[in-house]
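Chemist: Here's a structure for you.
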Amino acid sequence: MRKQIPGRVPNPCESSLHRKRHQQGKTVFLTLLLGLAVCLSLEGCVSKETDSPVILKILPTTAGGGAITDSSGNLQIDPLQLADGNRADIAPDLGLLSASVMKTGSGSMLEARAPGESGPVTCVFFNLRVSPGSDPAFRHALALAVDREGIVDRSTVPLVQTMRFAPSTLQDWDVSDAVAPSFDSGGAVSAFDAAGYLSPPGSSGHAKDKSGTRLDPTTGKPLAIRLLTPTKETAPSAWETGRTLADTLNDMGVTTAHVALSEALLSKATMQQRAFDLLVTEVALAQRPFGLYPLLHSSRDTEWTNAFSGIRNNELDDALEMLWTGNDEPTAQAGSKRTLSRLSELLPYIPVCTRPNRMGFWGTDQPRVPHQRGNDDAGTWAGIRVSDDAESSSGKGVLTLAAAGGLLDLNPLTAHGADEWRVLRLINLPLLEASDGPGLARPILAEKWEIGEWTGADGSPHTKITLNLRAGVKWQDGTAFTAHDIAFMITAVQTRPDANFHTITNRIDEVEVKNDRTLTIWFNDLGCRCLFDLAWFSLLPEHLWKDAGDPMTYHPWEKASPTTKGMTELVGNGIWRLSQNGLAEGRLDKGVSLERVPGSETLLRLLGSSNRMSGTE
Numbered sequence: 001m002r003k004q005i006p007g008r009v010p011n012p013c014e015s016s017l018h019r020k021r022h023q024q025g026k027t028v029f030l031t032l033l034l035g036l037a038v039c040l041s042l043e044g045c046v047s048k049e050t051d052s053p054v055i056l057k058i059l060p061t062t063a064g065g066g067a068i069t070d071s072s073g074n075l076q077i078d079p080l081q082l083a084d085g086n087r088a089d090i091a092p093d094l095g096l097l098s099a100s101v102m103k104t105g106s107g108s109m110l111e112a113r114a115p116g117e118s119g120p121v122t123c124v125f126f127n128l129r130v131s132p133g134s135d136p137a138f139r140h141a142l143a144l145a146v147d148r149e150g151i152v153d154r155s156t157v158p159l160v161q162t163m164r165f166a167p168s169t170l171q172d173w174d175v176s177d178a179v180a181p182s183f184d185s186g187g188a189v190s191a192f193d194a195a196g197y198l199s200p201p202g203s204s205g206h207a208k209d210k211s212g213t214r215l216d217p218t219t220g221k222p223l224a225i226r227l228l229t230p231t232k233e234t235a236p237s238a239w240e241t242g243r244t245l246a247d248t249l250n251d252m253g254v255t256t257a258h259v260a261l262s263e264a265l266l267s268k269a270t271m272q273q274r275a276f277d278l279l280v281t282e283v284a285l286a287q288r289p290f291g292l293y294p295l296l297h298s299s300r301d302t303e304w305t306n307a308f309s310g311i312r313n314n315e316l317d318d319a320l321e322m323l324w325t326g327n328d329e330p331t332a333q334a335g336s337k338r339t340l341s342r343l344s345e346l347l348p349y350i351p352v353c354t355r356p357n358r359m360g361f362w363g364t365d366q367p368r369v370p371h372q373r374g375n376d377d378a379g380t381w382a383g384i385r386v387s388d389d390a391e392s393s394s395g396k397g398v399l400t401l402a403a404a405g406g407l408l409d410l411n412p413l414t415a416h417g418a419d420e421w422r423v424l425r426l427i428n429l430p431l432l433e434a435s436d437g438p439g440l441a442r443p444i445l446a447e448k449w450e451i452g453e454w455t456g457a458d459g460s461p462h463t464k465i466t467l468n469l470r471a472g473v474k475w476q477d478g479t480a481f482t483a484h485d486i487a488f489m490i491t492a493v494q495t496r497p498d499a500n501f502h503t504i505t506n507r508i509d510e511v512e513v514k515n516d517r518t519l520t521i522w523f524n525d526l527g528c529r530c531l532f533d534l535a536w537f538s539l540l541p542e543h544l545w546k547d548a549g550d551p552m553t554y555h556p557w558e559k560a561s562p563t564t565k566g567m568t569e570l571v572g573n574g575i576w577r578l579s580q581n582g583l584a585e586g587r588l589d590k591g592v593s594l595e596r597v598p599g600s601e602t603l604l605r606l607l608g609s610s611n612r613m614s615g616t617e
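Its first residue numbered 1, the sequence shown is counted upward by one per residue in this note's numbering.
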């Protein structure tokens, strides 16, 4: 019987407020991964006609006005315009660049995405702890006043209309009628009237005239709503949603004060004091709706948590527990359906809009967005042009990715910045990723898996996952990738509380390597969602790291590979690699150039045959 290791259960729906209060430093990395996630497509990523050499440059930039320029002033990017010049450019805030269908010259295609993640979802939360948020009739009336389409149309930030309460792309996890009410101005006015929120006698009206202030039927006093949002500079989509909603409600006679607060003040007002009636903020909800548990379960309604609504409903709690602890897919799916049905009835929050998780670029043509199966949402695009670069040698095509800041650290255990993780996720493949089709997840390095249970020392059930790895996968220096590499990484992180991934490895009791391609991971937690924890890992090659000293201070990019000429010890297993001459002036802060691994088409064919990235079914 295995000894349990206590550890904090990671919160898969951390809000921007919670991150600022609790996740400065190491846990910011996890949020970045929710945005960047495990995002390599397989076949369809590279040209089937040729495995042409391609270079990816990641250069430090400084932001100024609507454009972004590199430190030398040469690179200029407008995120919403087609880029000019002899470079292929992508703005730094539009997601991870994972793989590409690229040939030198025009007519090439590239896609960037964070598959399996909805991206930040802007939501309107009610405070159910106080009136009027505690009144279901008020919540349903207000939901009719949320003009999603109008918010998206007026926003300066590329947004897409939200889907359901949990933005899943799969019908087997969804409830078809679990949809937030559509905008209906007249219906909202009638609903407020029917719920008893009437204008005082003799007023000039309430639908089009602000003088007709509505009264709270529980107190008989004028209804006054305090609506909090982040500032426009911090979260423009949330701010725009709050401003628009406040204007709409005031026109309906619901006196609403829109208050935009700094991150520190907003965090204190909402997560500690719970001093709001309505809150507009962003939360990250994964493709599977497991993140609804920490967002809504009664046990999470404590100080400094993002259980903003404060809902306490036994039926909802039961459904959430079924979703959270279900150790097989049917059980978790059943919990999801029950949860979404209850949310449609209870309306503790209203989903408004979400940023896209996939962008498509087709050479010099107008960029398009690939179809996303199961969703009605579109997406957004950024300007890009793929062409020859005079600076490149041997006729290699060059794609330049603007980094929002200089690169500082490419150690997977200590890197925190978005730019660093762009590079690391290009160099490394994940074990698995969230599936766009049936099933919990899609295999990458792990060919298949089995989820089971074991009994902890306290007699409670826990999850164990047995992974079977693909044959023939190698690190970029030619060394075989094995189950021992995974076990080495987990063990190394478990003994270092400050390391990235520690909140995951601290929930692992034991790793049992059965052979080079098979291992079992014993969690001291329960739920098939544990499988997704393994998707975050950026794996370490044991043959290089075991003798590197303290892994927290190891700088593999500064050391030459002992076996492969021209390579550094920053060795991954993906289709992009960092050579010694890929460091500008030998320094990370000057940017890096990644080369596509020769023969990467073979690697991609080995890993699978998905063609999702090309938009085909």
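Backbone N, C-alpha and C fix where the C-beta goes; we use that ideal spot for every residue, glycine too.
Where Thr466 and Leu519 are concerned, what is the direct C-alpha to C-alpha distance, given to the nearest angstrom?
Modeler: So the two alpha carbons sit approximately 6 Å from each other.
Chemist: Report the rounded CA-to-CA distance for Lys590 versus Thr255, giving the unit in angstroms.
Modeler: Between Lys590 and Thr255, the C-alpha separation is close to 53 Å.
Chemist: Do you know offhand how far Phe138's Cα is from Thr463's?
Modeler: Whole-angstrom Cα-Cα distance: 42 Å.
Chemist: What residue does the beta strand (DSSP E) around Cys528 start on, and which one ends it?
Modeler: Per DSSP, Cys528 belongs to no beta strand (DSSP E) and is neither H nor E.
Chemist: So who's on the other strand from Arg442, going by DSSP bridges?
Modeler: BP columns for Arg442 point to Glu433.
Chemist: Going by CA-CA distance only, name the one from Leu426, Val259, Leu323, Ile311 that's closest to Arg577.
Modeler: The residue with the shortest Cα to Cα distance from Arg577 is Leu426.
Chemist: By the DSSP assignment, the alpha helix (DSSP H) with Asn515 in it spans what residues?
Modeler: Not the alpha helix (DSSP H): Asn515 falls in the beta strand (DSSP E), residues 508 to 515.
Chemist: Taking 8 Å as the threshold (C-beta atoms), are Leu323 and Ser309 in contact?
Modeler: No, they are not a contact pair.
Chemist: CB-CB under 7 Å to Ser131, same chain, minus the five flanking residues each way: which ones, in chain order?
Modeler: Here the set comprises Asp216, Thr218.
Chemist: So what's Leu278 in DSSP terms, helix, strand or just coil?
Modeler: Strand at Leu278.
Chemist: Are Ala260 and Thr229 touching if we call contact CB-CB under 8 Å?
Modeler: Cβ atoms of Ala260 and Thr229: closer than 8 Å.
Chemist: Compute the Euclidean distance between the alpha carbons of Leu296 and Asp509, then round it to the nearest angstrom.
Modeler: Going by the C-alpha atoms only, they are around 28 Å apart.
Chemist: Which value, in whole angstroms, describes the spacing of the CA atoms of Phe192 and His258?
Modeler: For Phe192 and His258, the distance between alpha carbons rounds to 20 Å.
Chemist: Within 10 Å of its beta-carbon, does Thr556 have 16 or more other beta-carbons around it, so buried, or fewer, so exposed?
Modeler: According to the sequence shown, residue 556 is Pro rather than Thr. When all chains shown are included, Pro556 counts as buried.
Chemist: How should Ala629 be labelled, buried or exposed, when 16 other C-beta atoms within 10 angstroms of its C-beta is the threshold for buried?
Modeler: Outside the shown range of the chain (1 to 617) lies residue 629, about which nothing can therefore be said.
Chemist: Would Ala429 pass as a contact of Phe537 if the rule is Cβ separation under 8 Å?
Modeler: One detail in the question is off: residue 429 reads as Leu in this sequence, not Ala. Cβ atoms of Leu429 and Phe537: not closer than 8 Å.
Chemist: Tell whether a beta-carbon distance below 8 Å holds between Asp477 and Val352.
Modeler: Result no, Cβ atoms of Asp477 and Val352 do not sit closer than 8 Å.
Chemist: Could you say which of Lys546, Ile444, Cys530 lies nearest to Glu453 if we only look at CA atoms?
Modeler: Ranking the options by Cα distance to Glu453, first place goes to Cys530.
Chemist: So what does DSSP say about His258, is it helix, strand or coil?
Modeler: Residue state, collapsed to three classes: strand.
Chemist: Can you grab the Cα-Cα spacing for the pair Val152 / Phe276, in whole Å?
Modeler: Between Val152 and Phe276, the C-alpha separation is close to 24 Å.
Chemist: With DSSP run on the structure shown, which of helix, strand or coil describes Asn411?
Modeler: DSSP places Asn411 in coil when its eight states are reduced to three.
Chemist: What does the alpha-carbon distance come out to for the pair Ala307 and Gly133?
Modeler: If I take the Cα positions, the gap works out to 15 Å.
Chemist: Less than 8 Å between the beta carbons of Ile311 and Val146, yes or no?
Modeler: Not in contact: Ile311 and Val146 (Cβ atoms no closer than 8 Å).
Chemist: Pick from Thr325, Leu316, Leu583: whose alpha carbon is nearest that of Val423?
Modeler: Comparing Cα positions, the closest option is Leu583.
Chemist: Do Gly212 and Leu227 have their CB atoms nearer than 8 Å?
Modeler: No, Cβ-Cβ distance for Gly212 and Leu227 is not below 8 Å.
Chemist: Based on the DSSP output, what are the partners of Gly417 in its beta bridges?
Modeler: None, per the DSSP bridge assignment.
Chemist: Sorted by chain position, which residues of the same chain lie with C-beta nearer than 7 Å to Phe290's C-beta, five sequence neighbours on each side aside?
Modeler: Hits under 7 Å: Pro12, Leu323, Trp324, Arg529.
Chemist: For Asp498 and Leu540, which I take to be in contact (beta-carbon distance under 8 Å), what is that distance rounded to the nearest angstrom?
Modeler: Going by Cβ atoms, the distance from Asp498 to Leu540 rounds to 16 Å, so no, they are not a contact pair.
Chemist: Could you check whether Thr281 and Gly150 sit closer than 8 Å to each other, using their CB atoms as the reference points?
Modeler: No, they are not a contact pair.
Chemist: What's the C-alpha gap between Arg129 and Leu316?
Modeler: One C-alpha to the other measures close to 16 Å.
Chemist: Output the distance between the C-alpha atoms of Thr553 and Asn411, rounded to the nearest integer angstrom.
Modeler: Using only the alpha carbons, I get a separation of about 8 Å.
Chemist: Where DSSP assigns a beta bridge to Thr462, which residues make up the other side?
Modeler: The question names Thr, but residue 462 in the sequence shown is His. Paired residue(s): Trp454.
Chemist: Excluding the five sequence neighbours on either side, which residues of its own chain have a C-beta within less than 7 Å of the C-beta of Pro551, listed in chain order?
Modeler: These residues qualify, in order along the chain: Leu413, Ala492, Trp545.
Chemist: Could you check which residue in Gln273, Glu542, Ala194 has the C-alpha nearest to that of Thr479?
Modeler: Taking only the C-alpha atoms, the option nearest Thr479 is Glu542.
Chemist: Considering Ala224, what are the terminal residues of the beta strand (DSSP E) in which it resides?
Modeler: It spans 224 to 230 - the beta strand (DSSP E) in which Ala224 sits, taken as one unbroken run.
Chemist: Give me the Cα-Cα distance between Asn445 and Lys474, rounded to the nearest whole angstrom.
Modeler: Before going further, note that residue 445 is Leu rather than Asn in the sequence given. One C-alpha to the other measures close to 10 Å.
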